[in-house]
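A.B. asks: Here my numbering is used: the first residue of the sequence shown is 6, the next is one more, and so on. Glycine residues also receive a C-beta, built at the ideal position from the N, C-alpha and C atoms. A quick note: this is a predicted structure, and the numbers were derived from the prediction, not measured.
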Amino acid sequence: MDSEQRQRYQTTMVSTYYPDTTSLDYFVMPDGTEQSQGSDILTPLQTGKVFIVNSRKRNGLILFKRYHAEFAGPGAVVGGDYDCDCQRALPIGNLSLLTPESYEERQKAYLIRRQWIRLIKQITENPVPQQRVQKILDQFEQYFPAEIVANLPDIAFALLVGVLPQTVGTMRLLGNEGGNRLNY
Numbered sequence: 006m007d008s009e010q011r012q013r014y015q016t017t018m019v020s021t022y023y024p025d026t027t028s029l030d031y032f033v034m035p036d037g038t039e040q041s042q043g044s045d046i047l048t049p050l051q052t053g054k055v056f057i058v059n060s061r062k063r064n065g066l067i068l069f070k071r072y073h074a075e076f077a078g079p080g081a082v083v084g085g086d087y088d089c090d091c092q093r094a095l096p097i098g099n100l101s102l103l104t105p106e107s108y109e110e111r112q113k114a115y116l117i118r119r120q121w122i123r124l125i126k127q128i129t130e131n132p133v134p135q136q137r138v139q140k141i142l143d144q145f146e147q148y149f150p151a152e153i154v155a156n157l158p159d160i161a162f163a164l165l166v167g168v169l170p171q172t173v174g175t176m177r178l179l180g181n182e183g184g185n186r187l188n189y
């Protein structure tokens, strides 16, 4: 009887492969243009140099690792051993990186980076993919101008919160059609 129930509830997995959404060589921006990302920023990050995202500006970096992305917002440290595995970097806003001048400044920047990671972690703990997308879009729209958020590629948000890029695209489309955000 158990095997009958298992068979009844088994579903067929459908896989649609989208090579453009998994490549980090370039991003397809929402306006359809292709953009190569962050090679001038990436080199110093991979060499072990440590920088701090300027806390006096609304700027940040989305750092693409092998299977996920991390956001380093204002005040956060980037580079060093922390980001030597970074494959791409996407600057947000008018990016300004500073060199820490003291040990204390560097330690504070590491704590701030941890806070940014914890914020994204809280979002990803939600089991519903659409809610994760909605929350990350809301967070970015609270901090950055809407036109900046609208120009960020779907894959950036997808890798931040562990969803498919198509889920981000769908949620953006639904949010724009309704005139306001959906409440889940």
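Going by CA-CA distance only, name the one from Leu47, Phe56 and Phe149 that's closest to leucine 102.
C.D. replies: For the residues Leu47, Phe56 and Phe149, the minimum Cα distance to leucine 102 belongs to Phe56.
A.B. asks: Starting from the C-beta of phenylalanine 145, find all residues in its chain whose C-beta is less than 7 angstroms away, skip the five residues before and the five after it, and write them out in chain order.
C.D. replies: Excluding sequence neighbours, phenylalanine 145 sits near Val154.
A.B. asks: Tell me whether the segment 91-105 and the segment 130-138 touch, counting them as touching only if at least three CB pairs, one residue from each stretch, are closer than 8 angstroms.
C.D. replies: Touching, no.
A.B. asks: Counting C-beta neighbours from all protein chains within 10 Å, is the total for leucine 165 16 or more, i.e. buried, or is it exposed?
C.D. replies: With 16 or more Cβ atoms within 10 Å of its Cβ, leucine 165 is classed as buried.
A.B. asks: Measuring straight from C-alpha to C-alpha, what distance separates alanine 81 and serine 60?
C.D. replies: Distance between the alpha carbons of alanine 81 and serine 60 is about 8 angstroms.
A.B. asks: If contact is defined by three or more beta carbon pairs under 8 angstroms, each pair taking one atom from either stretch, is the segment 115-134 in contact with the segment 91-100?
C.D. replies: Taking 8 angstroms as the limit for Cβ pairs, the verdict is that the segment 115-134 does not touch the segment 91-100.
A.B. asks: Beta-carbon separation of alanine 94 and leucine 47 under 8 angstroms?
C.D. replies: Result yes, Cβ atoms of alanine 94 and leucine 47 sit closer than 8 angstroms.
A.B. asks: Considering only the alpha carbon of each residue, which of Gly174, Leu50 and Asp159 lies closest to cysteine 91?
C.D. replies: Nearest option by C-alpha distance: Leu50.
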